[in-house]
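First residue of the sequence shown: 1, per the working numbering; consecutive thereafter.
Glycine included, each C-beta is placed from N, C-alpha and C at the ideal position.
What follows is one structure encoded as structure tokens, with my remarks underneath.
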Amino acid sequence: MSQMYIHFLLCVLLFLLGKDGGDNATHPYAIAKYNMMKLLYDLDKKG
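Following this line, the structure appears as structure tokens:
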């Protein structure tokens, strides 16, 4: 799997999570969103 493909999938996931979950920091969706952003950031740093 290429990095671009992974990036695309994560962006789609983030969109779906953002649509369903509020911006409440304790909300499971918000926590998952934060973790995804962190993962994307780490991937970008490595790349």
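My output table needs one value for residue i: the three-state DSSP class, helix, strand or coil.
{"i": "TYR5", "result": "helix"}
{"i": "GLY21", "result": "For GLY21, the pLDDT reaches just 49, beneath the cut-off of 50, and the residue's location in the model is therefore unreliable, although a value from the coordinates is still provided. GLY21 falls in the coil class under three-state DSSP."}
Return the Cβ separation of residue i and residue j in integer angstroms, given the expectation that the two are a contact with Cβ distance under 8 Å.
{"i": "LEU14", "j": "LYS33", "result": "6 Å"}
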